[in-house]
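A short write-up of the structure that comes next.
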Amino acid sequence: MNVLLADGYNIFSRSIKSFSYSKNIKGEQNSGIYGFFEYILRATKLVNFDKIHIIFDGGGHSAFREGLDKNYKCTRKKVDTFNAYFRNTKNEEFEHLLNLLDEVNIPYYRFMNVEADDIISYFINNNKNDVMYILSSDSDFYQLLDKNVNIIIPITKGGLKIFTYDDFINKYKFIPRKYAVLKSLMGDQTDNVQRIIPKGIGLKTVIKKLMDIPDNYNNDDILNLPIFSTVNKDAFNLNYELINLFKNRLSMQVIDKIKYIENNKKDINKSKYMLSLKLKEKVNIDDIINKFN
45 MNVLLADGYN IFSRSIKSFS YSKNIKGEQN SGIYGFFEYI LRATKLVNFD KIHIIFDGGG
105 HSAFREGLDK NYKCTRKKVD TFNAYFRNTK NEEFEHLLNL LDEVNIPYYR FMNVEADDII
165 SYFINNNKND VMYILSSDSD FYQLLDKNVN IIIPITKGGL KIFTYDDFIN KYKFIPRKYA
225 VLKSLMGDQT DNVQRIIPKG IGLKTVIKKL MDIPDNYNND DILNLPIFST VNKDAFNLNY
285 ELINLFKNRL SMQVIDKIKY IENNKKDINK SKYMLSLKLK EKVNIDDIIN KFN
């Protein structure tokens, strides 16, 4: 079964720039909403999906990760015009998107202090027989790539490209799982994860060294390399826990909520969808509407 896992905030925020020309019939800007559904529609033209899941960050940061590091994501901009669309849940257009999904019975997953990354990871780890496609421009998902997990990446002018396990191998020359190691060493400014390798060691050098460690590595294998001998072990282990998506980070309460949403879906209110969304006539959701059910 082909399953689309749509990274909701990522798609919505990306749409604001990619579809900035879009307005509803009242002349109001609706690029976030229009682009959100347009990206999903375009993804369905690349792959025939049997099921579609829409997943949002739930407001606040990951309770698990903030428990490890109180500074996690604390440097993200909160006022910037672009970031405000997905940082501020009171944003009018984003609230309209959520209300629209509720009105027409399109299910989505959004829980306070739970990141979309962890819900997407949950679906992948618990559906090993399905072929998964993550719709997102977030490179954090590279680490999850395998023969049954692909990423559909938004590119310029609203386009999409499929990035596969083999594409990753051709680009980096090591298995995708090691991408979590790469980011643990290099840091991630977006999430305020600190760089912990010495100055003067660049990205190309780290990539080359990661080719030398075994695919079934443990953290000691990385730190035992002479080039990383000065890296603080505790700092590396903390970064790795913050970045890796291999482990389940969801509480049983959240998992129960996910299962409830999966098992209690309502019929899509198609007429209300078309009336509320007011997309251009060229957009036709007939091909995907049943896949939300």
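Residue numbers (this note's numbering): 45 to 337.
We put the CB at the ideal spot given by N, CA and C, even for glycine.
In this text, all values refer to a predicted model and were calculated from it rather than measured experimentally.
Item, Value
"Whole-angstrom distance between residue 229 and residue 216, CA atom to CA atom", "15 Å"
"One or two residues paired with residue 207 in a DSSP bridge", "195"
"As assigned by DSSP and simplified to three states, the class of residue 243", "coil"
"Within 9 Å, strictly: CB atoms of residue 283 and residue 240", "yes"
"The region 246 to 262 touching the region 156 to 169, judged by at least three CB pairs closer than 8 Å", "no"
"Where residue 269 falls: helix, strand or coil (DSSP)", "coil"
"Per-residue burial, residue 264 [other beta carbons within 10 Å of its own, 16 or more giving buried]", "exposed"
"First and last residue of the uninterrupted beta strand (DSSP E) at residue 143", "Segment 136 to 147 is the alpha helix (DSSP H) holding residue 143; no beta strand (DSSP E) there."
"Pair within 9 Å by beta-carbon distance, residue 174 and residue 149", "no"
"Three-state secondary structure assigned by DSSP to residue 59", "helix"
"Assigned exposure category for residue 79 - 16 Cβ within 10 Å defines buried", "buried"
"C-alpha distance - residue 133 paired with residue 271, whole-angstrom precision", "Only weak support is given to the placement of residue 133: the predicted model assigns it a pLDDT of 36, under 50, and the question is left unresolved by the model."
"Backbone secondary structure at residue 132 - three-state DSSP", "Its pLDDT being 49, under 50, residue 132 is placed unreliably by the model, and the measurement read from it follows with that caveat. Coil at residue 132, not helix or strand."
"Run of the alpha helix (DSSP H) containing residue 225, from where it starts to where it stops", "223 to 230"
"Residue 96, DSSP secondary structure in three states", "strand"
"Residue 305 versus residue 299: straight-line alpha-carbon distance, rounded", "10 Å"
"Any C-beta of chain C under 9 Å from that of residue 205", "Chain labels in this structure do not include chain C; a single protein chain is all it has."
"Burial state of residue 168, where buried means 16 or more other Cβ atoms lie within 10 Å", "buried"
"Boundaries (first-last residue) of the alpha helix (DSSP H) holding residue 296", "296 to 307"
"Buried or exposed (CB count within 10 angstroms, at least 16 for buried), residue 276", "exposed"
"For residue 83, the first and last residue of its enclosing alpha helix (DSSP H)", "75 to 90"
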